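Here's the structure we're looking at; comments come further down.
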Amino acid sequence: MMADPFLSAESWYAVFLSLRVSLLATLCSLPLAVWVAYLLARKDFFGKQVLNGLVHLPLVLPPVVTGYLLLLSFGRRSGVGQFLEQFGIEFAFRWTGAALAAAVMAFPLIVRAIRLAIEAVDPKLEEAAATLGGGRFFVFRTVTLPLIMPGVIAGSVLGFAKAMGEFGATITFVSNIPGETQTVPSAIYAFLQVPGREGDVIKLVVLSILLAMGALMASEWLARRQVRGMQGQ
């Protein structure tokens, strides 16, 4: 008799979907997170505290509330949802909705890490580059961005890990549909409701820990490499 595989096909799908959702959520959030973090760290404008509150709102709201708000905003009965459906874009009860929910929940962590990195950069360095004739984008790309890259990496990993572990907003917005929206946390929750599937739960938990540790180690290695590269210049 052949030995049972480490994970069932259902579990493997949940793992691959979680990786897909987390990667897409992080990549889509990152450019906007860098821009928002720069605004909050370097600019003074009317409504700055409101923007800061909105950015961090998902951290303090119950995830179920965030998921419900996403359902109201992007559901099939909403104006936005019906508009996007005309272009073949659907979020509610689709894996793309899981990516959107994960991105919303991860966004504050990414912004916070990058904002702290920007605030640690001496503004005089940017001012010196600007006096040499560099435009705002050129100064950011050649001076600010290399200096904050460890923070960008740290924020990306934090966002990826948060997206991997997101449950409340995801299950509220896209439900828990095997083969469509069932991520690792959703699969663990579903398996816990079924007697005799404790083994699958333990395997997914162990795999989740390994993935998280691997991401953290990769982040640390990339950050150190970036710092060494900057010191060698």
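To convert, note that position 94 of the sequence shown is 94 in full-length UniProt numbering; the numbers rise steadily by one, no gaps. Built from N, CA and C at the ideal position, the CB exists for glycine as well. This structure is a prediction, so every number in the text was calculated from the model and none was measured.
Reference residue 160, options 224, 129, 101, closest by Cα: Counting from one through the sequence shown, the residue named residue 160 turns up at place 160. Minimum Cα-Cα distance from residue 160 among the listed residues 224, 129, 101 corresponds to 101.
Closest by C-alpha distance to residue 111, when choosing among 221, 15, 20, 34: The sequence position of residue 111 within the sequence shown is 111, counting from 1. For the options 221, 15, 20, 34, the alpha carbon positioned closest to that of residue 111 is the one of 34.
Nearest candidate by alpha-carbon position, reference residue 97, set 219, 162, 181: Along the sequence shown, one-based indexing puts residue 97 at 97. Measuring from the Cα of residue 97, the nearest candidate turns out to be 181.
Residue span of the alpha helix (DSSP H) that contains residue 127, given as start and end: As a first step, residue 127 must be located in the sequence shown, where it is residue number 127. Here the alpha helix (DSSP H) through residue 127 covers 123–131.
For residue 15 and residue 21, the rounded distance between their alpha carbons: By 1-based counting over the sequence shown, the position of residue 21 is 21. By 1-based counting over the sequence shown, the position of residue 15 is 15. Going by the C-alpha atoms only, they are around 10 Å apart.
The alpha helix (DSSP H) enclosing residue 52, as first and last residue numbers: In the sequence shown, residue 52 corresponds to position 52, counting from 1. Following the DSSP letters along the chain, one finds residue 52 inside the alpha helix (DSSP H) bounded by residues 48–60.
Local Cβ density within 10 Å of residue 2, reported as buried at 16 or more and exposed below that: The residue you call residue 2 lines up with position 2 of the sequence shown. Its pLDDT being 41, under 50, residue 2 is placed unreliably by the model, and nothing is read from it.
CA-to-CA distance, residue 147 to residue 121, given in whole angstroms: On the sequence shown, position 121 is the one that residue 121 refers to. On the sequence shown, position 147 is the one that residue 147 refers to. Rounded to whole angstroms, residue 121 to residue 147 spans 7 Å at the Cα level.
Pair within 9 Å by beta-carbon distance, residue 75 and residue 168: Here residue 75 refers to the residue found at position 75 when the sequence shown is read from its first residue. Here residue 168 refers to the residue found at position 168 when the sequence shown is read from its first residue. For residue 75 and residue 168, no; Cβs fall outside 9 Å.
Residue 93, DSSP secondary structure in three states: For the purposes of this step, residue 93 is taken as residue 93 along the sequence shown, with counting starting at 1. In the three-state scheme derived from DSSP, where H, G and I count as helix and E and B as strand, residue 93 is classed as coil.
C-alpha gap between residue 143 and residue 212, whole angstroms: In the sequence shown, residue 143 corresponds to position 143, counting from 1. In the sequence shown, residue 212 corresponds to position 212, counting from 1. Cα to Cα, residue 143 sits roughly 31 Å from residue 212.
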